[in-house]
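Under the working numbering, residues 94 to 510 are what the sequence shown spells out, in order. Written out below as structure tokens is the structure these notes cover.
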Amino acid sequence: MAATSEKKSDEDCWGCEVLGLDFRGDQKESGNLSQLLKYKATGDAELTSWLKGPLDFTSPELQNELLKLMANTIIKEIVSEITSMPVVQFAIIIDGTQDISGVEQDLPLVRDSMGLVHELEGFFNQSGKFKLIFQNIAKSEHGSTFTSLKPLCPTRWTVRTPAIRSVLKQYESVLMALEEMASCSSSETSAKANGLHGTFLKGNTVLGLLMAEDLMGDLECLNTSLQLRKQTVSGMLEAVVDHVKTSMQHKRTEEHFDVLFSKATAVATKLDLQPIQMPHVCKPTKRYTGQAAAHIHPDAQSLYRVQFYNALDTVNTQFIERFEQAGFHKLQQLENVLLHGDMDKLPQVQLAMFGANYTYETSSDVASIIWEMAPEVRGLFGQVEALVRLLLVVPASSAEVERSFSALRRLKTWLRS
94 MAATSEKKSD EDCWGCEVLG LDFRGDQKES GNLSQLLKYK ATGDAELTSW
144 LKGPLDFTSP ELQNELLKLM ANTIIKEIVS EITSMPVVQF AIIIDGTQDI
194 SGVEQDLPLV RDSMGLVHEL EGFFNQSGKF KLIFQNIAKS EHGSTFTSLK
244 PLCPTRWTVR TPAIRSVLKQ YESVLMALEE MASCSSSETS AKANGLHGTF
294 LKGNTVLGLL MAEDLMGDLE CLNTSLQLRK QTVSGMLEAV VDHVKTSMQH
344 KRTEEHFDVL FSKATAVATK LDLQPIQMPH VCKPTKRYTG QAAAHIHPDA
394 QSLYRVQFYN ALDTVNTQFI ERFEQAGFHK LQQLENVLLH GDMDKLPQVQ
444 LAMFGANYTY ETSSDVASII WEMAPEVRGL FGQVEALVRL LLVVPASSAE
494 VERSFSALRR LKTWLRS
């Protein structure tokens, strides 16, 4: 009788776990497991007697033990499935973890470096005095090649790389300007300048900026291309899959990262910066790791190589989620019907007549031609107009909307509401 009742309890535990239900409530008797067992005990004398017995087989400690047994069973099944494959293969899924402010923690070096670029530009441009200090130092160091620091706007996808390059190109001038600002400013501004100066004296900052520049360069070229008015769905997919995605895959090699790391080390040595170091790593408690030793990277190069690979994998995942959807391929088919006449069942007469009388390259060109037609002429191309309407209702990008808001700022300023 006890064995049968324990089996029913295990089944209920498994059911709660599969459904994602909490085992316990505010009190022991109010938990989902206890309520489910009571419900099953209705009309079952053996289970009712087992629940009312002197021994408590549903205590929190035993529930934790059951969960561990289930977890170990699942892990063993996964390991058994992997080892039974003709070619052993496996994958690791990394889930993004956010801190209390909602910032992703997977790529801290790249994230912090780009945040520094944004903070630095705001600090230098907060007054004409600071801007002039940097300009004088940069002009004396670089002459005609001097460039002002670019803002890092989170909603504009084609300005990140120029902003990062402007800092890397004038890194020494940035250090000298911060040092001068720290000595001739108020206490609050001086403290901030000292803090930024100390951060930019670290070789880790240079490495983070180089990694960010390498990641953002290809992506911003793609963003610029996708905002062109003459862009087509077929051309967009070709640009993403055949060029940018392939370029990102080629960067996921030890040789490519070693070049970045060597370049960062050379800059740190030339400017007498602190060497690239590993961040302080807090060891997890043994209740999470058990008796196994926590993995520790042997040096900073191996640690940041993993972070760089994680960034490339994140980009590749976004490519798949955004551009390898079934809807994109349907749009491509519609566009091919309109631009090339690739179709099976739709009447070809209208497209053949349209192509013989007009020259066009994109669906926008076709739309412009149709809108300028007289109503009687447009009635000849009803199927063509239907295809154009289907393609034009799909928002390929928000670039046009972003530009309209940017242009609105010229008229509606903070002083004119």
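Backbone N, C-alpha and C define an ideal beta-carbon position, used for all residues, glycine too.
Practice problem: Indicate whether the contact test is met: 3 or more Cβ pairs, each with one atom in the region 275-282 and one in the region 345-363, closer than 8 Å. | Solution: Too few Cβ pairs lie closer than 8 Å, so no.
Self-check item: Three-state secondary structure assigned by DSSP to Q418
Solution: Taking the sequence shown and counting its residues from 1, the one referred to as residue 418 is at position 325. Secondary structure at Q418: coil, using DSSP grouped into helix, strand and coil.
Quiz item: Going straight from the alpha carbon of K338 to that of H373, what length do you get?
Solution: Taking the first residue of the sequence shown as position 1, residue 338 is located at position 245. Taking the first residue of the sequence shown as position 1, residue 373 is located at position 280. Cα to Cα, the separation comes out at about 34 Å.
Quiz prompt | Chain-order list of residues whose beta-carbon lies under 6 Å from that of C246 (same chain, five-residue window excluded) | solution = Stepping through the sequence shown from its first residue, residue 246 is reached at position 153. So the qualifying residues of the chain are V252.
Quiz item: Per DSSP, what kind of secondary structure is K295 in: helix, strand or coil?
Solution: Numbered from 1 along the sequence shown, position 202 holds the residue referred to as residue 295. Strand.
Exercise. Hey, could you find the ends of the alpha helix (DSSP H) P527 is sitting in?
Key: Outside the displayed range of the chain (94 to 510) lies residue 527, so it cannot be described from this structure.
Quiz item: In or out: V399 buried (at least 16 other Cβ within 10 Å) or exposed?
Solution: Residue mapping note: residue 399 aligns to position 306 of the sequence shown, counting from 1. Within a 10 Å sphere around the beta-carbon of V399 sit fewer than 16 other beta-carbons, which makes this residue exposed.
Self-check item: T455 versus Q324 - alpha carbon distance
Solution: On the sequence shown, residue 455 is found 362 positions in, with the first residue counted as 1. On the sequence shown, residue 324 is found 231 positions in, with the first residue counted as 1. So the two alpha carbons sit approximately 7 Å from each other.
Quiz item: If you pair each beta-carbon of the region 286-297 with each one of the region 225-243, do three or more pairs fall below 8 Å?
Solution: no
Exercise. Ignore the nearest five residues each way along the sequence and tell me which others in H422's own chain have a CB closer than 6 Å to its CB.
Key: As a position in the sequence shown, residue 422 is number 329, starting the count at 1. Nothing meets the Cβ criterion.
Quiz prompt | Chain-order list of residues whose beta-carbon lies under 6 Å from that of S318 (same chain, five-residue window excluded) | solution = Start at 1 with the first residue of the sequence shown, and residue 318 comes out as number 225. Counting only Cβ-Cβ distances below 6 Å, and skipping sequence neighbours, we find A332.
Practice problem: Would you kindly report the start and end of the unbroken alpha helix (DSSP H) that includes Y451? | Solution: Locating residue 451 in the sequence shown gives position 358, counting from the first residue. Annotation for Y451: no alpha helix (DSSP H) segment contains it, and DSSP assigns it neither H nor E.
Quiz item: Where do the N-terminal and C-terminal ends of the alpha helix (DSSP H) with R345 fall, by residue?
Solution: Here residue 345 refers to the residue found at position 252 when the sequence shown is read from its first residue. That residue, R345, is in no alpha helix (DSSP H); it is neither H nor E in DSSP.
Self-check item: Status (buried if at least 16 other CB within 10 Å, exposed otherwise) for I369
Solution: Stepping through the sequence shown from its first residue, residue 369 is reached at position 276. Buried, since its Cβ has 16 or more Cβ neighbours within 10 Å.
Quiz item: Exposed or buried, what is I185 when buried is set at 16 or more other beta-carbons lying within 10 Å of its beta-carbon?
Solution: Reading the sequence shown from its first residue, position 92 is the one you call residue 185. Only weak support exists for where I185 lies, its pLDDT of 47 falling under 50; the coordinates are left without a value.
Self-check item: Contact check, V267 vs A357, beta carbons under 7 Å
Solution: Here residue 267 is taken as the residue at index 174 of the sequence shown, counted from 1. Here residue 357 is taken as the residue at index 264 of the sequence shown, counted from 1. No. Outside cutoff.
Quiz prompt | Residue from N450, A286, E170 whose Cα sits closest to the Cα of F217 | solution = Mapped onto the sequence shown, residue 217 falls at position 124. Out of N450, A286, E170, A286 has the C-alpha closest to the C-alpha of F217.
Practice problem: Out of N450, I257, H390, point me to the one whose CA is closest to M371's CA. | Solution: As a first step, residue 371 must be located in the sequence shown, where it is residue number 278. Closest by alpha carbon: H390.
Self-check item: First through last residue of the alpha helix (DSSP H) which encompasses L162
Solution: Here residue 162 refers to the residue found at position 69 when the sequence shown is read from its first residue. Here the alpha helix (DSSP H) through L162 covers 153-176.
Exercise. Kindly identify the DSSP beta-bridge partner or partners of Q367.
Key: Start at 1 with the first residue of the sequence shown, and residue 367 comes out as number 274. Under DSSP, Q367 forms a beta bridge with K295.
Quiz item: Considering only residues of the same chain and omitting the five flanking positions on each side of E273, which have a CB-CB separation below 7 Å?
Solution: If you number the sequence shown from 1, residue 273 lands on position 180. Sequence-distant partners of E273 (beyond 5 residues in either direction) whose C-beta falls short of 7 Å from its own C-beta, in its chain, are I226.
Practice problem: Provide the residue span of the alpha helix (DSSP H) that contains I257, from first to last. | Solution: Position 164 of the sequence shown, counted from the first residue, corresponds to residue 257. 253-262 is the span of the alpha helix (DSSP H), which, as asked, contains I257.
Practice problem: Hey, could you find the ends of the alpha helix (DSSP H) E465 is sitting in? | Solution: To locate residue 465, count along the sequence shown from 1; it is residue 372. Counting along the chain, E465 sits inside no alpha helix (DSSP H), nor does DSSP assign it H or E at all.
Quiz prompt | For L315, three-class secondary structure by DSSP | solution = In the sequence shown, counting from the first residue as 1, residue 315 sits at position 222. Helix, per DSSP.
Practice problem: May I have the straight-line CA-CA distance separating T240 from T254, to the nearest angstrom? | Solution: In the sequence shown, counting from the first residue as 1, residue 240 sits at position 147. In the sequence shown, counting from the first residue as 1, residue 254 sits at position 161. The alpha-carbon atoms of T240 and T254 are separated by roughly 14 Å.
Exercise. Could you tell me whether the Cβ atoms of S259 and K243 are closer together than 7 Å?
Key: Position 166 of the sequence shown, counting from 1, holds the residue named residue 259. Position 150 of the sequence shown, counting from 1, holds the residue named residue 243. It is a contact, given that the beta carbons lie within the stated cut-off.
Practice problem: Look at the alpha carbon of I463 and the alpha carbon of A500, and state the distance between them as a whole number of angstroms. | Solution: As a working note, residue 463 is residue 370 in the sequence shown. As a working note, residue 500 is residue 407 in the sequence shown. Taking the straight line joining both Cα atoms gives about 29 Å.
Quiz item: Less than 6 Å between the CB of T452 and some heavy atom of the ligand MN, yes or no?
Solution: In the structure on display, the ligand MN does not appear, and there are no ligands present to speak of.
Practice problem: State the DSSP-derived secondary structure class of L483, mapped to helix, strand or coil. | Solution: Within the sequence shown, residue 483 is the residue found at index 390, counting from 1. Helix.
Practice problem: Grab me the residues of A305's own chain with a C-beta within less than 7 Å of its C-beta, minus the 5 sequence neighbours each way, in chain order. | Solution: Reading the sequence shown from its first residue, position 212 is the one you call residue 305. So the list reads V203, S206, M207, I257, once near-sequence residues are dropped.
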